[in-house]
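Shown next, in the form of structure tokens:
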């Protein structure tokens, strides 16, 4: 059948196969595909756990071609290479340190000597490089691969490196690079000064579990999207990015947090608290997600909130402190007075419910702006849950949509009773009901009643 299709279409089919193993199967099955294969412009190769296990077994090790050799041969057969992705499959992360001897380097993929074998030949056309290393072999070997890539890949647009120990010695500027992802990296750039200097035109930056940072400071003029998850507890964190519109930041409890991002419209912030929170007013912030073990303390120190329309809160350790004068809902709405859509996850809802059961809900803040509420219920006492929902409805006169997720462990007759009583109590609201449980996907059981 492949002989009936024009070569350009067949080549397009091959280029759309992201896995080089699938390409190899096509080449074996068809002489036409095999003839076109050198025109493919991408390589995507993963070492499976099965290959790794066979390479370690005395009975099969001699029959397994080294993974690096397979990759080098594969890339040598291509005329032009625009995208390279090489790594180990996710199950390999579960391999214990004791399973390997210290000197093994067959899956040390950020090894400069290995990368030197193929990078100089293909660097001119490369637009994207992804290296997912084998942490057991790479964690104790510092790599200069960043310096090597910056020297050769002058036209590179996207770079991704995972599970490695990276040096910044010899790193030179890469003005064309717009997307950088470093994931589970030990980085020898404790303040990120080299990153700022050498990647000045970044628009997308993902720093996931990057360790070795002390007082990291991002200062990138063209950055638009940033996802930053800190694996340690640095003294201070600074983000200065005048073009940034979307920020996801996960940290512990820095002594100082500075965010200067005047165009920010989306912020997801996960932290305990900040000793000193330095923020300039976010006049464009519309969507905010907060997650904290000390949500009340974080809200009290929050320096902005008037522009937020869509708010989601996670309270990972909930309780009603003695002597508090406001429910968590009142505190949220006084901090973010213009919110129209509010999502309370289970911890925040449970704290709100407990407060309402103790002192009742007599709102002292304006709630008429709320139009949509989404809540995650655990239902320890169905009467308390119903009373809280009814009080909420009575205080939010403009509420038009309620989406309630009931925990899957709640018995079905209790869930059914809550649904029927809520719908009977307030017919003006459009009700949506679903089920939730930790580690599973939310599921709707009714939509738009």
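In the numbering used here, the protein residues as written are 1075 to 1523. Backbone N, C-alpha and C fix where the C-beta goes; we use that ideal spot for every residue, glycine too. Bear in mind that the values here come from a model prediction, so they are computed numbers and not experimental data.
Selected residue, minimal CA-CA separation from residue i, among the options
i, options, result
"residue 1353", "1365, 1336 and 1363", "1336"
"residue 1362", "1371, 1351, 1350 and 1376", "1376"
"residue 1490", "1508, 1360, 1258 and 1317", "1508"
"residue 1234", "1442, 1226, 1214 and 1256", "1256"
"residue 1448", "1510, 1478 and 1442", "1478"
"residue 1351", "1331, 1340, 1342 and 1341", "1331"
"residue 1157", "1442, 1204 and 1384", "1204"
"residue 1355", "1125, 1380 and 1374", "1380"
"residue 1280", "1322, 1503 and 1123", "1322"
"residue 1027", "1520, 1290, 1512 and 1514", "With the chain running from 1075 to 1523 in the structure shown, residue 1027 is simply not present."
"residue 1409", "1419, 1422 and 1382", "1382"
"residue 1371", "1400, 1385, 1466 and 1384", "1400"
"residue 1184", "1152, 1221 and 1201", "1221"
"residue 1148", "1311, 1134, 1120 and 1129", "1120"
"residue 1249", "1178, 1151, 1227 and 1461", "1227"
"residue 1177", "1151, 1214, 1161 and 1150", "1214"
DSSP-derived helix/strand/coil call for residue i
i, result
"residue 1484", "coil"
"residue 1114", "coil"
"residue 1201", "coil"
"residue 1319", "coil"
"residue 1432", "Per-residue confidence for residue 1432 stands at a pLDDT of 49, beneath the threshold of 50, marking its modelled position as unreliable; the derived number appears in the next sentence. If DSSP states are grouped into helix, strand and coil, residue 1432 belongs with the helices."
"residue 1257", "strand"
"residue 1243", "coil"
"residue 1502", "coil"
"residue 1476", "strand"
"residue 1248", "coil"
"residue 1424", "helix"
"residue 1213", "coil"
"residue 1149", "helix"
"residue 1142", "helix"
"residue 1441", "coil"
"residue 1495", "helix"
"residue 1291", "strand"
"residue 1127", "helix"
"residue 1446", "strand"
Spatial distance of residue i from residue j (CA atoms)
i, j, result
"residue 1324", "residue 1300", "11 Å"
"residue 1163", "residue 1416", "39 Å"
"residue 1260", "residue 1282", "11 Å"
"residue 1432", "residue 1404", "Caution is warranted here: a pLDDT of 49 is assigned to residue 1432, below 50, making its placement in the model unreliable, and the coordinate value is therefore given only provisionally. Taking the straight line joining both Cα atoms gives about 15 Å."
"residue 1424", "residue 1143", "56 Å"
"residue 1486", "residue 1470", "28 Å"
"residue 1450", "residue 1516", "10 Å"
"residue 1426", "residue 1414", "18 Å"
"residue 1274", "residue 1236", "21 Å"
"residue 1159", "residue 1191", "16 Å"
"residue 1594", "residue 1483", "Absent from the model: residue 1594. The displayed extent of the chain is 1075 to 1523, so no value can be given."
"residue 1502", "residue 1290", "51 Å"
"residue 1180", "residue 1295", "40 Å"
"residue 1412", "residue 1441", "9 Å"
"residue 1194", "residue 1128", "31 Å"
"residue 1374", "residue 1341", "18 Å"
Beta-carbon proximity check, residue i vs residue j, cutoff 8 Å
i, j, result
"residue 1253", "residue 1271", "no"
"residue 1212", "residue 1188", "no"
"residue 1218", "residue 1186", "yes"
"residue 1495", "residue 1475", "no"
"residue 1481", "residue 1453", "yes"
"residue 1318", "residue 1304", "no"
"residue 1315", "residue 1297", "yes"
"residue 1329", "residue 1309", "yes"
"residue 1199", "residue 1154", "yes"
"residue 1467", "residue 1499", "yes"
"residue 1385", "residue 1369", "no"
"residue 1258", "residue 1302", "no"
Check: residue i C-beta below 7 Å from any heavy atom of the ligand ATP
i, result
"residue 1195", "As presented, the structure is devoid of all ligands, the ligand ATP included, so that no description of it is given."
Same chain only: Cβ atoms within 6 Å of residue i, ignoring 5 sequence neighbours per side
i, result
"residue 1365", "1344 and 1388"
"residue 1278", "1253 and 1299"
"residue 1216", "1239 and 1241"
"residue 1518", "1508"
"residue 1358", "1337 and 1339"
"residue 1223", "none"
"residue 1333", "1313 and 1353"
"residue 1230", "1200 and 1251"
Same chain, Cβ closer than 7 Å to residue i, neighbours up to 5 away in sequence not counted
i, result
"residue 1268", "1242 and 1245"
"residue 1225", "1246"
"residue 1455", "none"
"residue 1464", "1499"
Sequence-distant residues of the same chain with beta carbon closer than 8 Å to residue i, five excluded per side
i, result
"residue 1514", "1482"
"residue 1125", "1138 and 1141"
"residue 1264", "1286, 1287, 1288, 1289 and 1290"
"residue 1472", "1442, 1443, 1444 and 1445"
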